[in-house]
Amino acid sequence: MSTEVLASDPSPRGPFPARGHASNVCQSYEWGQVRQREGWEPHLLPVTPDGSGARGALVLSKALPGLGRIFYSPSGPPVDWSSRAEVEALLGRVRDLAREKRAIMWRVEPRVLESDAASASHLADAGFERLAQTWSYWNRPKYEMHLALDGGADQVFSKIGSGTRNKVRQAGRQGVVVEPVSGAAHLDVVFGFLTNTSRKKQILLRSREYYRHLHDVFERSGRAQAFLARRGPDPIAAGMTAAFDGIATGVYIGSNYVVRNANYALQWEMIRWAIERGCHTYDFAGTGTGYPPTPGTRGYGVYMFKRQFAAEIVVWYGYADLVFRRLPYRALRAAERALPYGEKVLVHWPKKIAYALGRGPHPHEHGEGAAGAAGAVAAAGAEAPVKCPSARPTGAA
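Numbering (my numbering), first residue to last: 5 to 401.
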């Protein structure tokens, strides 16, 4: 069984991008190129049984010192789990690659709803072990927020609610103008907004070079569009949306929080671009908080910002592993289970102590509520903080 990697982007992806099986930008050729700079080796494997290049599944590979390699398919693989021939063909190629790379396991995030018992059964039959965890530090969120884009811009705008529509219009009356931008000239401004938002929301931020590479890859492919919001000559907010397989994904939003409601106007223009591209869904990424979202909890403002755009929660199947080497896999899972305790000791407890001593903000404080949360850094994917939209409270992504 061939494990030959497709030499180039296989799009257009034929008839596969039907809503039941379409993936987002995290399964694109471009996303593999972005992640390659972060130490992941991208493999784009044929999905079809005959090995044709009509469709491909992105499998990322990364070496873990002392353990071996792990495979990961963010928001994928985009396979029809009810097609035994298709599943077996892809599994054969992944297993061959696993033998070559001495991989430990393959982590997948099927675009299958939690309520889809038939697909869950197909995954189990294929040998995948479903994980009980409902979120992960390095994977995409199980709970996402999606907005259906059927009916065109006017119809979508009408359903987002009068309050949100008024905020979008008010930003315009305040002199806010949102425009598409390209090239490297605006990246320093964008990174400044992301840095500001990262500090305000206590979100980890990737390097300036990461965002430079992200823009370069997606601008060359034409799959994404960056936007800059200005009032007069002054930039005040920035965002980026990527489109793939009919799904638009919010990559990031950053702001200097100078003009009230600027982020609402920016977000609407990002949605409108997706509609003009013919996308059927806008993926706001994770809820930004726990499930179900509860007022007053960490990240609730992020959730409310997305909810004001009529985004609905989508509950996915979650995470599953195909294990190739059982002993190192057990060590890997033990380390993964310990991560929440490390976060409590190294992150949350110091914040609580600082607050108790009057030297820091409340641990759950998020500044300006829903409007402020709009600036939370987002990115398409979740292999690490600030990337493909994380399940943790990292904003739209």
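Virtual Cβ for every residue (Gly too), placed ideally from N, Cα, C.
Item: Closest by CA to N28, which one among H150, P344 and H126?; Value: H150
Item: Taking the Cβ atom as the reference point for each residue, do T245 and G254 lie within a distance shorter than 8 angstroms?; Value: yes
Item: Residue ranges of each alpha helix (DSSP H) run of no fewer than 4 residues wholly in the region 110–177, ordered along the chain?; Value: 121–129, 156–163 and 166–177
Item: Can you tell me whether V233 is buried or exposed, with buried defined as 16 or more other CB within 10 angstroms of its CB?; Value: Note that residue 233 corresponds to Ala in the displayed sequence, not to Val. The residue is buried, with at least 16 neighbouring Cβ atoms inside 10 Å.
Item: Mapping DSSP to helix, strand and coil, what is S86?; Value: coil
Item: Give the DSSP-derived three-state secondary structure of H370 in the structure shown.; Value: The predicted model places H370 with a pLDDT of 37, which falls under 50 and marks its position as unreliable; any figure quoted below should be read in that light. It is coil, neither helix nor strand.
Item: Please report the distance separating the alpha-carbon of S162 from that of L94.; Value: 43 angstroms
Item: Run through the DSSP bridge pairs and tell me what Q40 is partnered with.; Value: Q40 pairs with nothing; no bridge assigned.
Item: When you compare each of Y256, V160, V91 and D120 to A315 by their alpha carbons, which one comes out closest?; Value: V160
Item: Which of helix, strand or coil does DSSP assign to F288?; Value: strand
Item: Buried or exposed, going by whether 16 or more other CB atoms sit within 10 Å of the CB of N170?; Value: exposed
Item: Here's a check: name, in chain order, each residue in its chain whose Cβ is nearer than 8 angstroms to the Cβ of K66, leaving out the five neighbours to either side.; Value: G43, W44, E45, R73, I74 and Y76
Item: Mind checking which residues open and close the beta strand (DSSP E) that includes D249?; Value: Premise fails: D249 is in no beta strand (DSSP E) and is neither H nor E.
Item: Excluding the 5 residues flanking A130 on each side, which residues of the same chain have their C-beta closer than 7 angstroms to its C-beta?; Value: V91 and L95
Item: Could you give the C-beta distance for Y214 and L191, rounded to a whole number, given that I count them as a contact under 8 angstroms?; Value: Y214 to L191, Cβ: 11 angstroms. No contact.
Item: Look at V194 and A266 and say whether their C-beta atoms are less than 8 angstroms apart.; Value: no
Item: Does the beta-carbon distance from A242 to R281 come in below 8 angstroms?; Value: no
Item: Between the C-alpha atoms of A321 and Y141, what's the straight-line distance to the nearest angstrom?; Value: For the sequence presented, residue 321 should be read as Tyr rather than Ala. Their backbone Cα atoms lie some 17 angstroms apart in a straight line.
Item: Around the Cβ of L56, are there at least 16 other Cβ atoms within 10 angstroms (buried) or fewer (exposed)?; Value: With the sequence shown as reference, residue 56 is identified as Ser, and Leu is not the correct amino acid for it. Its Cβ having fewer than 16 others within 10 Å, S56 is exposed.
Item: Can you tell me whether DSSP reads S65 as helix, strand or coil?; Value: strand
Item: Measure the alpha-carbon distance for Q37 versus L49 and round it to whole angstroms.; Value: 15 angstroms
Item: L270: buried (16+ other C-beta within 10 angstroms of its C-beta) or exposed?; Value: buried
Item: Looking at Q229 and P297, is the spacing between their C-beta atoms short of 8 angstroms?; Value: no
Item: Contact defined as beta carbons within less than 8 angstroms: I believe E34 pairs with R227. What is the distance between those atoms, to the nearest angstrom?; Value: 6 angstroms
Item: Measure the beta-carbon distance from T138 to Y295 and round it to whole angstroms, keeping in mind my assumption that it falls under 8 angstroms.; Value: 7 angstroms
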